[in-house]
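Visitor:
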Amino acid sequence: MRKASLLLVFLLWCCSQPPAVKETSITTPQNETLFVTAEGLGNAGSHKLAFIQHGLASNQQHQAVLAAKKAFLANGYVVVTFDSRHSLGKSSRDVENTRISTFAEDLSNVINWAAEQDFYSEPFALAGHSLGGASVWSYALQNPQKVDRLIGIAPVVSGDLWERSCFKNMPEFCQKWKSDGAYVYQTPDGKDKALISYKTLDDAKNFNALNDAEHLKAITLLVAADNDSVVSPQDVRKLYDRLPHPKYIAIINDSEHNFVSDKNQNELFDAVGAFLKQQKPSVPQD
Numbered sequence: 170m171r172k173a174s175l176l177l178v179f180l181l182w183c184c185s186q187p188p189a190v191k192e193t194s195i196t197t198p199q200n201e202t203l204f205v206t207a208e209g210l211g212n213a214g215s216h217k218l219a220f221i222q223h224g225l226a227s228n229q230q231h232q233a234v235l236a237a238k239k240a241f242l243a244n245g246y247v248v249v250t251f252d253s254r255h256s257l258g259k260s261s262r263d264v265e266n267t268r269i270s271t272f273a274e275d276l277s278n279v280i281n282w283a284a285e286q287d288f289y290s291e292p293f294a295l296a297g298h299s300l301g302g303a304s305v306w307s308y309a310l311q312n313p314q315k316v317d318r319l320i321g322i323a324p325v326v327s328g329d330l331w332e333r334s335c336f337k338n339m340p341e342f343c344q345k346w347k348s349d350g351a352y353v354y355q356t357p358d359g360k361d362k363a364l365i366s367y368k369t370l371d372d373a374k375n376f377n378a379l380n381d382a383e384h385l386k387a388i389t390l391l392v393a394a395d396n397d398s399v400v401s402p403q404d405v406r407k408l409y410d411r412l413p414h415p416k417y418i419a420i421i422n423d424s425e426h427n428f429v430s431d432k433n434q435n436e437l438f439d440a441v442g443a444f445l446k447q448q449k450p451s452v453p454q455d
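Counting with this note's numbering, you get residues 170 to 455 for the letters of the sequence shown.
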């Protein structure tokens, strides 16, 4: 009888606890859908919140997003991830129309949604991979009072540098992409494909993180992949050199742009986790 009573108490307690994960779809002011996931809701009392944005033709299940999310959760954060519009996720899809501006709109819309949830707190952390890195950078620059930590994972530094890296490392592909105006991208597992317009890169030429780096207020970690043919690690280093202190940089060895191997992802997890433990250091780390 006593065991049955204890079991009943335990079940009632479990039912009273908030779910650890919340998945929902929100409608944007553009009347399109964003699929959003909030995890680690049991950490809400810590008042630590993070948003992570994936890159071009991707989704919130990307390896870099998952590694960063794992690190945030391990450090007591509530973590919000989402499928940006015009990507290969569950949100409204039309990859050809991807722009940094659409990514920025999506990030802002998700943060506005989160502001109405019980787990919301400020300041919060932002992390982004590739094109998502450019998006979170812009938000942190425009909203310094809201963002205390920023992580750029192989972030697009500028549209011009992206194009230069493309032509240097993949000249035949990039020349054909530019002359054709688009190319068909297929996911590594072969399950999905999308038309990626060169207009996405051309539009990115309006973005240059180097111009405003000295004004960034958030503690920042930049992560580069040493074999990245999309975002040159040298360009990430240029951005790092422009940043005010405190700042950190991590180079993931034997990694390409998408951090595909378990080793790459473990090193990314370690880099993000170590950064989250830093408290405005008196001695900057190079």
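Ideal Cβ positions, reconstructed from N, Cα and C, are used throughout, including at glycine.
#1: Please name the residue, chosen from Lys-416, Thr-356 and Asn-422, that lies closest to Gln-230 on a Cα-to-Cα basis.
#2: Under a three-way DSSP split, which group does Thr-389 fall into?
#3: Examine the ligand ADP and report whether any of its heavy atoms sits within less than 7 Å of the Cβ of Leu-364.
#4: Look at the alpha carbon of Asp-287 and the alpha carbon of Ala-213, and state the distance between them as a whole number of angstroms.
#5: With distance defined between alpha-carbon atoms, name the residue in Ser-270, Leu-437, Val-248 and Ile-388 nearest to Val-190.
#6: In chain order, what residues of the same chain have a beta carbon less than 7 Å from the beta carbon of Ile-269, not counting five sequence neighbours either side?
#7: Using the C-alpha atoms, what's the distance from Pro-198 back to Leu-390?
#8: Are Ala-219 and Ala-296 close, meaning C-beta to C-beta below 8 Å?
#9: If distances are taken between C-alpha atoms only, which option among Ile-388, Leu-210 and Ile-420 comes closest to Ala-394?
#10: By Cβ distance, which residues of its chain are closer than 6 Å to Phe-241, with the 5 residues on each side in sequence left out?
#11: Going by C-alpha distance, which of Ile-418, Arg-406 and Met-339 is nearest Leu-445?
#12: Can you check DSSP and say which residues form a bridge with Gln-355?
#13: On a CA-only basis, which of Leu-364, Asp-329, Val-279 and His-384 is nearest Trp-346? Give me that one, please.
#14: Since Ser-270 is in the alpha helix (DSSP H), which residue starts that stretch and which ends it?
#15: Could you say which of Ser-277, Tyr-246, Lys-239 and Asn-312 lies nearest to Arg-254 if we only look at CA atoms?
Guide: Looking at the coordinates:
#1: Reading the sequence shown from its first residue, position 61 is the one you call residue 230. When each option's Cα is compared against that of Gln-230, the closest is Thr-356.
#2: Taking the first residue of the sequence shown as 1, we reach residue 389 at position 220. If DSSP states are grouped into helix, strand and coil, Thr-389 belongs with the strands.
#3: In terms of ligand content, the structure shown is empty, and the ligand ADP therefore cannot be addressed.
#4: What you label residue 287 is simply residue 118 of the sequence shown in a count that begins at 1. What you label residue 213 is simply residue 44 of the sequence shown in a count that begins at 1. In a straight line, the C-alpha of Asp-287 is about 8 Å away from that of Ala-213.
#5: Locating residue 190 in the sequence shown gives position 21, where the first residue counts as 1. Taking only the C-alpha atoms, the option nearest Val-190 is Val-248.
#6: Translated into the one-based positions of the sequence shown, residue 269 becomes position 100. Excluding sequence neighbours, Ile-269 sits near Leu-300, Ala-303, Ser-304, Asp-372, Ala-373 and Phe-376.
#7: By 1-based counting over the sequence shown, the position of residue 390 is 221. By 1-based counting over the sequence shown, the position of residue 198 is 29. When rounded, the distance between both Cα atoms is 32 Å.
#8: Indexing the sequence shown from 1 puts residue 219 at position 50. Indexing the sequence shown from 1 puts residue 296 at position 127. Cβ atoms of Ala-219 and Ala-296: closer than 8 Å.
#9: Translated into positions along the sequence shown, residue 394 becomes position 225. Closest option to Ala-394, Cα to Cα, is Ile-420.
#10: For the purposes of this step, residue 241 is taken as the residue at position 72 of the sequence shown. Only Ala-219 and Val-248 meet the Cβ criterion.
#11: The residue labelled residue 445 in the question sits at position 276 within the sequence shown. The candidate whose alpha carbon is nearest that of Leu-445 is Ile-418.
#12: Counting from one through the sequence shown, the residue named residue 355 turns up at place 186. Lys-362, per the DSSP bridge assignment.
#13: Locating residue 346 in the sequence shown gives position 177, counting from the first residue. Checking every option, the nearest Cα to that of Trp-346 belongs to Leu-364.
#14: What you label residue 270 is simply residue 101 of the sequence shown in a count that begins at 1. Counting along the chain, the alpha helix (DSSP H) containing Ser-270 begins and ends at 269-283.
#15: By 1-based counting over the sequence shown, the position of residue 254 is 85. Of Ser-277, Tyr-246, Lys-239 and Asn-312, the residue nearest in Cα terms is Ser-277.
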